[in-house]
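See structure below.
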Amino acid sequence: MKSSKFFAIISRMKYINRWSLMRNTVTENISEHSLDVAFIAHLLAVLRNKRFGGNVNPERVAVLAMFHDTTEILTGDLPTPIKYYNKDIKSVYSEIEKNASRQLLSYLPDDIKEEYEPLLSRDESESENWELVKAADKISALIKCVEEKQMGNKDFRDAEYATLKIIQDMNIKEADVFLEEFMPSYGLTLDKQT
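Per the working numbering, the very first residue in the sequence shown carries number 70; after that it's consecutive.
So, in structure tokens, the structure goes:
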């Protein structure tokens, strides 16, 4: 059997730092970020089912979240102001991400590619799951902003306000619950959390 480099490449997520245009007191890589997003996305799915009559698979949502930024291994983490500067850049970058997804899939053995394809490309049949992942992604960014601000880093102040507005504008009830019930604890010291 031929050697597969897929997981060796996935393990490089730990070398891709986020927030490259910001002064960070603590660096965050896409591996750490993806795990945080998976935890939050799982909760959002649980909330959808338990409180809002949904029928999503929390484990599936968490796995999608684990893989949501894998293409950045090949593309890097393009800063948000550039990625969303205009519709042309957004469209071109979307195509670059699709190509990176295809390249990552090419590193897998043929007999398991079909299992990973939906994890690396956003299939419309899973739009509800991806909606929760996107909300979790933004919540994770908000948490980073709050943590940086708590350490005296004012560089994240504007990003915090902008990210909070994005989350609120998503109109996702589960995200609103997270902001109300879980977010305040991020402002506490460890002693107060425990």
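Don't be surprised by glycine CBs; every beta carbon is placed ideally from N, CA and C.
Status (buried if at least 16 other CB within 10 Å, exposed otherwise) for residue i
i, result
"A110", "buried"
"R92", "exposed"
"K74", "exposed"
"P178", "exposed"
"R191", "buried"
"N198", "buried"
"N253", "A small fix is needed here, since residue 253 is Pro in this sequence, not Asn. By the 10 Å Cβ count, P253 comes out exposed."
Neighbourhood of residue i by C-beta distance below 6 Å, restricted to the same chain and skipping five residues each side
i, result
"E195", "none"
"G123", "R117"
"I236", "K207, A244"
"D224", "M91, R92"
CA-to-CA distance, residue j to residue i, given in whole angstroms
i, j, result
"E249", "T232", "15 Å"
"E216", "K71", "45 Å"
"T140", "A205", "18 Å"
"V202", "D260", "30 Å"
"L257", "F251", "11 Å"
Span of the alpha helix (DSSP H) around residue i
i, result
"L113", "99-121"
"R171", "156-175"
"F76", "75-79"
"F136", "127-136"
Close-in-space but distant-in-sequence residues of the same chain around residue i (CB under 8 Å, 5 per side omitted)
i, result
"M220", "T94, V95"
"E97", "N86, R87, W88, K213"
Checklist entry - Any contact of the stretch 180-189 with the stretch 79-88, i.e. 3+ C-beta pairs under 8 Å? => result no
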